[in-house]
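For what it's worth, the working numbering labels the leading residue of the sequence shown as 323, then goes sequentially.
The next block holds one structure in the form of structure tokens; read it before the comments.
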Amino acid sequence: MFSLLFLPLLLVIVLSGCKGESVANENIATRIKDEPTITWGVKYDTRLFGMMDIKTRKVEGFDIDIAKAITKEILGKDGKAEFVEVTSKTRIPLLKNGNIDAIIATMTITEDRKKEVDFSDIYFDAGQSLLVKKGSHIKNIKDLTAKDTVLAVKGSTSTINIRKHAPEAKILELENYAEAFTALQSGQGQAMTTDNAILLGMASENDHYELTGGTFTNEPYGIAINKGQDEFLKGS
């Protein structure tokens, strides 16, 4: 698991990083003064960042630890962090609909996404990579041809990047990482792609698979909130 020694610095970055101009339907900063709970959208299927423990029925990981620390910083020791499962496809719609207050779910900061939500500063730097079965002919992104199918997750930036860096390769998009990895195991694709930090978690639990070729993009993660909520993550 990642070290939390840098959390004091991270809190300063996150609590000052979100800026917005438009007015949202609900002022979260006002609400949490009376209801000291922050609802976070997190991944439940991403080892190291957000993973549901089937024994304890609790979600654990780096994103979860950060969310809890920020909740405590904003609301004090009696504050409560609640977690709602999101996927790359559902996280922004759930935020827009008011089902969650903030997203901390391995979400890359992009210019297109900045048009929809406000981001904190970067809290983790990742890079897109490839996961393949050991012994695969694919050694890096340049080895992908029209004969290869790459597995990705809907709603992520992974598909866009593959089309840019390996335009001849076929792409099969799945709903979540678990489905994508199952498809890789069953031979529906020759490689799975997403951020290296996520793939490392999968490889650590599956000896027959490995990352290959290093990274071919920069994927800075940020916390997302609705526009107009810039006071929310500044605390009360």
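Just so you know, even glycine gets a beta-carbon here, dropped at the ideal spot from N, CA and C.
Keep in mind the model is a prediction, meaning the values are calculated, not measured.
For this session: Taking Asp-356 as the reference, give the member of Val-381, Asp-375, Thr-368 and Gly-398 with the closest Cα.
Result: Looking up residue 356 in the sequence shown gives position 34. Among Val-381, Asp-375, Thr-368 and Gly-398, the Cα nearest to that of Asp-356 belongs to Gly-398.
For this session: Determine the closest residue to Lys-492 out of Tyr-499, Ala-502 and Thr-471, with distance taken between C-alpha atoms.
Result: As a first step, residue 492 must be located in the sequence shown, where it is residue number 170. Ranking Tyr-499, Ala-502 and Thr-471 by Cα distance to Lys-492 puts Thr-471 first.
Problem set entry | Reference Leu-370; option with closest CA among Asn-421, Met-429, Tyr-531 and Leu-522 | Position 48 of the sequence shown, counted from the start, is the residue given in the question as residue 370. The shortest C-alpha separation from Leu-370 is found at Leu-522.
Problem set entry | Neighbour-count burial assignment, Asp-367, 16 or more Cβ in a 10 Å radius | By one-based count along the sequence shown, residue 367 stands at place 45. Under this definition Asp-367 is a buried residue.
Exercise. What residue range is occupied by the uninterrupted beta strand (DSSP E) comprising Asn-548?
Worked result: Reading the sequence shown from its first residue, position 226 is the one you call residue 548. Unbroken beta strand (DSSP E) run through Asn-548: 546–548.
Exercise. Can you name the residues that DSSP bridges to Leu-522?
Worked result: Counting from 1 along the sequence shown, the entry for residue 522 is found at position 200. Beta-bridge pairing links Leu-522 to no other residue.
Problem set entry | Cβ shell of Thr-467 (< 6 Å), same chain only, five flanking positions each side left out | Position 145 of the sequence shown holds residue 467. Once the five neighbours on either side are set aside, the close Cβ partners of Thr-467 are Glu-490.
Problem set entry | Continuous beta strand (DSSP E) stretch holding Lys-476: start and end | On the sequence shown, position 154 is the one that residue 476 refers to. Careful: Lys-476 lies outside any beta strand (DSSP E) and carries neither H nor E.
Problem set entry | alpha helix (DSSP H) segments (min. 4 residues) lying fully within the segment 351–435 | Assignment of alpha helix (DSSP H) within the segment 351–435, counting only whole runs of 4 or more residues, yields 384–397 and 413–418 in chain order.
For this session: Look at the Cβ atom of Asn-518, then the Cβ atom of Ala-448, and state whether they are nearer than 8 Å.
Result: As a first step, residue 518 must be located in the sequence shown, where it is residue number 196. As a first step, residue 448 must be located in the sequence shown, where it is residue number 126. Cβ distance < 8 Å, so Asn-518 and Ala-448 count as in contact.
Problem set entry | Separation of Lys-464 from Gly-372, as counted between CA atoms | Locating residue 372 in the sequence shown gives position 50, where the first residue counts as 1. Locating residue 464 in the sequence shown gives position 142, where the first residue counts as 1. For Gly-372 and Lys-464, the distance between alpha carbons rounds to 31 Å.
Exercise. Relative to the alpha-carbon of Gly-477, which residue among Gly-536, Gly-457, Tyr-499 and Lys-486 has its alpha-carbon at the smallest distance?
Worked result: Mapped onto the sequence shown, residue 477 falls at position 155. For Gly-477, the nearest C-alpha among the options comes from Tyr-499.
For this session: Just grab the DSSP bridge partners of Thr-516 for me.
Result: The sequence position of residue 516 within the sequence shown is 194, counting from 1. Thr-516 pairs with Ser-451.
Problem set entry | Ala-346 to Gln-450 span [Cα, whole Å] | As a first step, residue 346 must be located in the sequence shown, where it is residue number 24. As a first step, residue 450 must be located in the sequence shown, where it is residue number 128. Summary for Ala-346: the model assigns pLDDT 45, below 50, so the residue's position carries little reliability; its value from the coordinates is reported in the next sentence. When rounded, the distance between both Cα atoms is 33 Å.
For this session: State buried or exposed for Gly-544, treating a residue as buried only when at least 16 other CB atoms are found within 10 Å of its CB.
Result: Position 222 of the sequence shown holds residue 544. Buried, because 16 or more other Cβ atoms sit within 10 Å of the Cβ of Gly-544.
For this session: Report the residue from Ile-460, His-487, Asp-443 and Arg-379 whose alpha carbon sits nearest the alpha carbon of Thr-534.
Result: Taking the first residue of the sequence shown as position 1, residue 534 is located at position 212. Thr-534 has its Cα closest to that of Ile-460, out of Ile-460, His-487, Asp-443 and Arg-379.
Problem set entry | Under the three-state DSSP convention, the category Tyr-445 falls into | In the sequence shown, residue 445 corresponds to position 123, counting from 1. Reduced to three states, the DSSP call for Tyr-445 is coil.
Problem set entry | Residues near Ala-525 by beta carbon distance below 8 Å, same chain, minus five either side | Looking up residue 525 in the sequence shown gives position 203. So the list reads Leu-453, Tyr-531, Glu-532 and Leu-533, once near-sequence residues are dropped.
Exercise. Just to confirm, are Lys-549 and Val-439 a CB contact at a threshold of 8 Å?
Worked result: Within the sequence shown, numbered from 1, the residue matching residue 549 stands at position 227. Within the sequence shown, numbered from 1, the residue matching residue 439 stands at position 117. Yes, they are a contact pair.
Problem set entry | Nearest to Ser-508 (by Cα), restricted to the options Leu-473, Thr-481 and Asn-483 | For the purposes of this step, residue 508 is taken as the residue at position 186 of the sequence shown. Nearest option by C-alpha distance: Leu-473.
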